[in-house]
Structure formats: C-alpha cells, structure tokens
C-alpha cells in the first residue's frame, strides 16, 4: 500500500460508495417504509410521513388472529421440509452431475433445469386434479412435493457449478489416501462448497416461502401459508395498510432470522477458497 | 334485454313500511318446536369464505350454529383478490369441497350455467327441511329474486330456479365531503355533466395530489359495476340486445358510447391520478384521507369509510348518484354477496341448514345490529332499532337508500361470459381514458369481441 | 487453473479380464451416478404427468364451464397464433424479461463486487442486501403500488422536488412497463448479488497473488481473472433470472393486472385471465406451451454456448 492516496483513487473510492449508497437506498427504503406503515394508526396513514404517533396496534391485530400464527407455522413446516428434501436428494445429484462422466449426463442435468421451464399456471389445474385423486390437496406432503419444482432445480444447478469448481486433484489425492468416494464427498467436497450450499439453500427457502399460486390453489384450510394469509389483512371493511405491512413483516421474520444465522457461513467460505485451484 | 329484477320497487314499499312498523311484535314462535335443527347432527361441512365482514359475522356465530345443529363446520378464508379463482378451481373439480361457498351475484351466472350450484327451491319448499320461521318473504324481493335464473342468457333474473341466498347487498351511491361542500357553497351534482365540471374544478381542492372524484379503474370486471354501470343504465343504455335470436353486445350503441365518453372525461380530468390501479379500497382510502372530494362506490364502503378512523371520515355524506341527464330516473346497479351450495356436496342437508341459519331472520338481524352487515337483505333487520341508529350516523345514507331503492337492481344481462366480457370492458375504458383511444372505435371493437362469444349462446 | 472438470475421477479400467466379483463391482460403479441421481429424478418426475396432461388437453375444448370436452385438433393453437393480442403479449413478455434480467445482472455484478470489499459500508450492507428478496412479490408489489400512488404515495414528495409531481408510474401507459420492471429489479437483484457474492467468496486466492506480483491493474484482474472464474455462477444467475422473468406473474398481477389497457399484459397474465376469467382452460395452453418452448430453446442455446466456452477454457488450461 502506498501511503499517499492519489486523487484518482479517492474519486474511485467516493464514486464506488455513492453508487453503493444509492443502491442501498433503493433496496432498503421500501422496507423501511413498510416498517413505518406497520407502526402507523389508520387515522395517520396518508396524512403523515415520518412524524406520527407510533402504535403496535397493527401487530396486535395480526398476532391475535389465531389463523395467522397457524399460517406462519404451516409455512415453516412446509418450507423447512421442502428444502431439507431438496438437499437430501439434490446435493448428491449435483455432485454426481459435476464429478462423474456418464452417458446422458448433460441431458439429465438439463431435465432438472427444465422443471422450471413450465409456467405454474400451465401445470396447476392438471396438478390440482391429480392431487385430488391422490388425496394430496390441502396436505403438507402435497405442498412439500410441489415445492421441489421450485427448489430442486435451483439447488442442483447452483451446487453443480460449485462442485465443478473444485479441482479433481484434491479428490484424487484423498482417494489415494484410501477414502471411498462418499468419504471424499462428505469430508472434502461438501465443506468446500459450503458458501454455495448455504446460498443455494437460503434461496430455495426464500422462493418456497414466498410461493403464492401453488399454495393458494393446492393448499386449503389446514395448510394455508402466511404468504397467502397476509393478503387477508389488506382489506375487509376498509383498507388497512398497517395490518398488511405488519403481517408482511412478521411473515418475513423467519427468512430474516435464517439469513442472519447463516450469514457467517456465507463469509467463512473465503478461507476455504485458498485450497482450491 | 328485460329488466333483471322487476320486483325490486317493492323494496321501497317494504322499506317505508319497515320504518313505520318498528313497534310491531316479533312473529309467533309456536311452530319452532316442530322443526328439527338436529337432523344432520354429526355431519361435517366445509365452507369457502371470501375475506369480508359478512364472513366475519358468520364465523363469530359458528359456536351457536354448532350448538343448535350439531354440525361441524370447517372453513377457509381466502384473500379477496384471489377468492373467485380459488372457488372456480375447487368447483370445477366437482369433488364436493367446499360444501357451501360465498359468491357474488354476477359469478352466479357463470357457476350456475356450469351446473356447479345446487338449486335451492326443493330445500326451501320442504317443510321438513326449512324452519317455518325462515320467512323468505322477509327478504327484499329484488334481492331474493336476483339469485333466480332459468339459465337462459338474456332472460330476466327472477325466473327459474333459486341458486343462492343473500348475506347482504350493496347499492352504489355518491359520497362527498360535506364539510368542504358546505363551506364552499357546493351541492352534490345531480347530472353526469355537472359531475364532470365539478370534478375538474375540484382538482387540488385539498392540496397536492387531491382531486375531484374517486372511481375504480383496475383492469378488472369490478371497475364497471359500481358508478359506471349505474349511470350507464340510469341513462337507459343497455349492455346487450337480442337481434335475430342472438345475444349481441349493445356497447356500440350511440347512447352507450356517449355515456362512456363523458364518464371517461370525468376520470381523465377529475379522477384519481393513479386511476388504473384503483379498486374499491383505494377509492375509500382517498376519500377518507381527504384526497378525493367525491366518490362513486358501494354504500357499504361509504358507511365503513365514514365510520372509520380516517381524518375526513366524520365529514363525509351520501347522496344519490348523478343521472346522465336531467329527468333520468334515479337508481343504481346492485351487488349481492350470497351463499350457495356446491352441487357436488356430499352433505347437502347439513349444507342447507348452514345456508338457512346464516341467511335466516335471526342471524341477519343480529349481524345488522352487532356486526358489520350494512344493507341487510331482510326487512326485519331494517326494522331493528339498533341497526337504524347505526346507519343514521352517516348523513344522507338512509335518504339515499330510500330514493334509489325503487330502481336498484342488477343492471347487467345474465350471461355466462360475464367476467370475460366485463374485464375486456374495463381494459377498453382504460384505453379510452389513458391512451386517448377514440371511444367510438374502442367501444365498437369491444362489442365485436364480445359478440364473438355471446352470439354462440343458444337463447331458447 | 481449471474451471471445469471433464475428466472422470475413476481410476482407469484394469486391463486384465475381470473376475465375476470384479465385473459386479465395475457395473456397480457404472451405475453409481444413476443411483445417486435416482431419488432426485423420481421426486421430480411426477411433475411430467400434469405437463403431459396439459399437452393432451390443448387439443380439446376443455373448459371450467362443465361442458364435456371434445377433440378439436389444432383449433386452440390456430386461434392463439392468429390473435394479434397474443403477439402483443409476446412482445411485452420479451421486453419485460430483457429489461429486468439485463438490469439485474449488471447491477448484481457491480453491487456484489462492491460488497466483497472489506470496508464498513460493505460489511454492514452485506447482512441486509437480501431483504427485498424476502418480501413476497405480491406484497412487494403492493408496497410499491402504495409508494408510487400519485395521490397518497410517499414518492410524490421527492418527485415533487424535482418537478415530477404529476408522475403517475404504472397508471401511465408510457411508464407502466418501466414500473413493473423496476419492482422486479428491486426484488430480484439480491438474487444475482448473493450468487455472485458466493462465487467471489469461493474464488481461489493463488491467481490473484500471482497477478499482484505481476502488477496487473484492477481492471485487468477483473476482466481476465474474476469474470472468467465467475462464469459458471453468472451463467446460473442469468438462466434462472431469464426463465423466471419470462414467466413473471405475481408482480404484474398485483401491480397492474396487465393494464393500463394491455400495456403490461404478458403471456403469463394473459393465460391466467384465459383460465380464470374466460374459463377457457384448453385455450390458455397454446400460449403457455409457446412460452415453455421459448424458454426451452433459450436455455438450450445458452447451455450449449456455456459448455462450449467451458471446453475451450479447460482445453487451454
């Protein structure tokens, strides 16, 4: 490092941070505004901006409706199960697609991706009828299964890229040391792709959590998720933006907690990078 | 097209009678013992509710229903925007789920023609199935008959089988900021051209972003049915005509076009700047917040807004809708929330008991007095002192109701392409207002597109 | 360094004839990748049934009106492809996906690079940048709808300061598509950022150390080291953003329902309306199959391109 900072560097530093600041504002302002709305009483919803009499009444309304907490619990059960299932079957699949040479490898990989090609509305009515015959309507199992359409392709394709990035030399060396392939997979490869795995599973969780059409039409009174349920707070007699904002914030809470919990794993990946390449 | 609800003028008579007859004794209850509420005890039924105050009123009283009948009720509440999509999907599978569902009067035409709805006459007319106290004559006739249809497109509602029973109805009215109007010597407009002028003048009446009149504008059938359809039909314009034995759109008619043109002008110069995103709740919110000086929408929304927490709530008043031109009759298009039975329900007796209980005189009266049921469909509920006191708090509410009720009915022609054609109608209105399309050509193109479907319908 | 692996890890096959046990072992190993893949395939294969069902239904008059469906051959396809409104929707769909994906990729890469630096701004924002992705698109669109409301929305204040107080966002036919794309960018840019960031975080250090010794400039390092090594992850981000923005439904439906007029009516919205407003289930399928075929072709092309590039780069390495 040079001791004197040149003007060009300073300018670069400033412009970089200005750019970042603008994006931060763009990304976070709507969320801050949501928090503001959730604290506003109906009487001050539109005639005030940031100065008003804050109240937790909106949160109280949302939380005292038993069906919303139930919907939150439904969403949690369905999404955790869906992502776990995707991980159990998807991580090995991604590894196999990255590591092994076999006939039809690219076709199979593409097939997984192609599950995301079909627009939801194309499959949802036939799926509804099939679910009805199988008794899967309004069941956890049914929704966990259909969410595989959302999470599995994403997980497999993200992780495949990360597995491919690992040099085969490392694995070969481990195999020479007497490790079986699955020991290599669990002890060497899996830790190396941790940032990817963490990012991919978080994304899968978020996309499942926010999925709307599938759970609207294939779910029911037993499985209604918070993503659907929070829309009920928007309007009944008059509009209640405060309720809707409070419901949306509460509904996003599990995602936020999850993201913060795995944050350090996302960063820790840095230290593993050194052994690669 | 014939008038859909020929009997509704009687509502006015009934209503006036109701005002006078408050002191009348409750009907005799001698026969109640003979009716067996427990006949479907132990059965389980599923109900599909829209997120709505009328549904809340039912849910609040489910324990009483369970105690009376021994029927287990499960229910699902779906957000309003997605409610009908969900019901359509469930009904189309003919699986018997849900047993009972909330429906709007216009959706009835789609669902009944698809044979998804159980005709209710045989239950209603069976003394073993229906409590003598039910007294369907107590339901305003125009509202009651609106749910009857013989499934023939173009034929009047009120003929044929009964497909649903009403929870509550809505009449469209004009709402205005009385405090501001009074302070500035303004009177609520009585004709559409007056409304256009006034709405233009009121732009910016209460600071930046404020405007003259709030009306719905989203790309959705719900944009058409409140103010626009009311003024449209009061002017004498029709949505359909029968020509050569075929149902043809009448939206290319010169009168229809000139009403549309003037209404579009009103929106363009005096409507909400964000009009094309507006559904009922933005209209209500803007009026309550003092952004809109006037609003055309349902009287129930008027009531909820005027009794809510919004800053201008206490300053709002209700007036009759403007006529298209001087001398037109006063009236409004109506909307009815009903409950109906799934034709593939596997517990029809239990389902009927549910419908009977929650459209019966006792629940309606209770909901009108104690819950958010505005415009109860039963005369007996209007007689209730608590209810009368409740609605009297909004200036002009009762007077407007009385003035408009003789000519308040469903102004649309029953036909199974209602949602499709009316959504297209809303999209066309958006094009006229926002993209400057010529009302003449736009409405003629719209009529052509609608004809493509409706001319396929068999009328006999 | 090698980006891709095209070599099997298995040791070379023995030259000597195999014993029975050896043959069984070899067969087991040949089957191994298939066995590992089987659960994932089995779970997702169920989805092919409704898909095939939909294709069959497209040749019928199946609707949600309860009428008995009849075989009508290619009528639904002919009706769809001769309808001007279909081609209008195709244009809207293409522009939407192009604008949204393009902006998100560009912005995502830039922001991820900035976030990868070790100063306090980057560190602080790294924990929160993903939050917009966590708001369900339906609610996200609702918040934007409220903020952009020209009468009561909060954004009318800053716009008023710069003389755009009358700006009507999605209620203006000229700006409706821009507005819905903006919301898409708001929600999904974090998706690109997180992938690129995870990619940056797992890059090997040694090439950078070498470049530092050689005195390579920052832009040289970016274009010749970072970008090529990020390719796999960028590619994944591009493919996923492209295919979901081509199918986007929730944001547009919550914001404009396809309006004003038909200005934001993309194929997904058009098909949804056909199902739930027209009850024309079979009639909605051709445009969805068209959309599916387009996504298939685009992804097929992109992946082919990527594989080629990868082969070339591993050949060089």
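Residue numbers (my numbering), protein chains in the order written: chain A, 1 to 277; chain B, 1001 to 1460; chain C, 2001 to 2317. Just so it is clear, CB atoms sit at the ideal spot from N, CA and C, and this is done for glycine as well. Computed from a predicted model, the values in this text were never measured in an experiment.
| query | result |
| --- | --- |
| What are the residues in the segment 15-42 of chain A lying within 9 Å of chain B by C-beta distance? | 41 and 42 |
| Would you call the CB atoms of residue 1447 of chain B and residue 1250 of chain B closer than 9 Å? | yes |
| Run the CB neighbour count on residue 1067 of chain B, radius 10 Å, all protein chains shown included, and call it buried at 16 or more, exposed below. | exposed |
| I want to know whether the segment 94-109 of chain A touches the segment 155-173 of chain A - three or more CB-CB distances under 8 Å. | yes |
| Under 7 Å, CB to CB, which of the residues in the segment 1309-1333 of chain B have a partner in chain A? | 1309, 1310 and 1311 |
| Please report the straight-line C-alpha distance between residue 1333 of chain B and residue 1295 of chain B, rounded to a whole angstrom. | 15 Å |
| Do residue 2132 of chain C and residue 261 of chain A have their beta-carbon atoms positioned less than 9 Å apart in this structure? | no |
| Going by C-alpha to C-alpha distance, which of C:2136, C:2207, C:2115 and C:2088 sits closest to residue 215 of chain A? | C:2136 |
| Could you name the residues of the segment 125-150 of chain A whose beta carbon sits closer than 9 Å to any beta carbon of chain B, in the order they occur along the chain? | 125, 128, 129, 132, 137 and 138 |
| What distance in whole Å lies between the Cβ atoms of residue 2057 of chain C and residue 2282 of chain C, which are believed to be in contact at a cut-off of 8 Å? | 5 Å |
| Is it true that the CB of residue 2152 of chain C sits closer than 9 Å to the CB of residue 185 of chain A? | no |
| To the nearest whole angstrom, what separates the beta carbons of residue 1368 of chain B and residue 1387 of chain B, a pair I think is in contact under 8 Å? | 4 Å |
| Assuming residue 1492 of chain B and residue 2273 of chain C are in contact, meaning their beta carbons sit under 8 Å apart, how far apart are those beta carbons, in whole angstroms? | Examination of residue 1492 of chain B is not possible in this model, given that chain B is present from 1001 through 1460 alone. |
| Could you check whether residue 1247 of chain B and residue 1103 of chain B sit closer than 9 Å to each other, using their CB atoms as the reference points? | no |
| What residues from the segment 2196-2227 of chain C come within 7 Å of chain A, judged by C-beta to C-beta, listed N to C? | 2198, 2201, 2202, 2203, 2204, 2205, 2206 and 2207 |
| DSSP state of residue 2258 of chain C, grouped into three classes? | coil |
| Between residue 260 of chain A and chain B, is any beta-carbon pair separated by less than 9 Å? | no |
| Excluding the five sequence neighbours on either side, which residues of its own chain have a C-beta within less than 6 Å of the C-beta of residue 39 of chain A, listed in chain order? | 54 |
| In terms of alpha-carbon separation, which member of B:1358, B:1405 and B:1439 lies closest to residue 1069 of chain B? | B:1358 |
| List the endpoints of the continuous beta strand (DSSP E) containing residue 1134 of chain B. | Careful: residue 1134 of chain B lies outside any beta strand (DSSP E) and carries neither H nor E. |
| Going along chain B in order, which residues have a C-beta closer than 7 Å to the C-beta of residue 2171 of chain C? | 1273, 1274, 1275, 1276 and 1277 |
| Who are the near neighbours of residue 1329 of chain B in its chain, counting only those whose CB is closer than 7 Å to its CB and skipping five residues on each side? | 1234 and 1407 |
| Return the Cβ separation of residue 1051 of chain B and residue 1088 of chain B in integer angstroms, given the expectation that the two are a contact with Cβ distance under 8 Å. | Between residue 1088 of chain B and residue 1051 of chain B the Cβ distance is about 17 Å, and since that is not below 8 Å, they are no contact. |
| Which residues in the same chain as residue 1160 of chain B place their Cβ atom closer than 6 Å to its Cβ, once the five residues preceding and following it in sequence are excluded? | 1148, 1149 and 1150 |
| Tell me whether residue 51 of chain A is buried or exposed, calling it buried when 16 or more other Cβ atoms sit within 10 Å of its Cβ. | exposed |
| If we count the other Cβ atoms within 10 Å of its Cβ and call it buried at 16 or more, is residue 1026 of chain B buried or exposed? | Note that residue 1026 of chain B has pLDDT 42, beneath the 50 cutoff, so the model's placement of it is unreliable and no number is given. |
| Apply the 10 Å Cβ neighbour rule to residue 101 of chain A and answer buried if 16 or more other Cβ atoms are within range, or exposed otherwise. | exposed |
| Does the contact criterion of 3 or more C-beta pairs under 8 Å hold for the segment 1165-1176 of chain B versus the segment 1342-1350 of chain B? | no |
| Taking DSSP as the reference, what is the three-state secondary structure of residue 1409 of chain B? | strand |
| What in chain B is Cβ-close to residue 214 of chain A, meaning under 9 Å? | Residues of chain B passing the Cβ test: none, with the nearest at roughly 12 Å. |
| Along chain C, which residues have their Cβ under 7 Å away from the Cβ of residue 73 of chain A? | Neighbours of residue 73 of chain A on chain C: none; closest Cβ ~17 Å, over 7 Å. |
| Is the separation between the beta-carbon of residue 2172 of chain C and that of residue 2260 of chain C shorter than 9 Å? | yes |
| Is the CB-CB distance between residue 2047 of chain C and residue 123 of chain A below 9 Å? | yes |
| Just checking: is the beta-carbon of residue 2307 of chain C within a distance shorter than 9 Å of some beta-carbon in chain A? | yes |
| For residue 2192 of chain C, return the contacting residues in chain A, with the cut-off set at a CB-CB distance below 8 Å. | Chain A residues near residue 2192 of chain C: none, gap ~11 Å exceeds 8 Å. |
| Given this structure, state the Cα-to-Cα distance separating residue 1444 of chain B from residue 1241 of chain B, to the nearest angstrom. | 14 Å |
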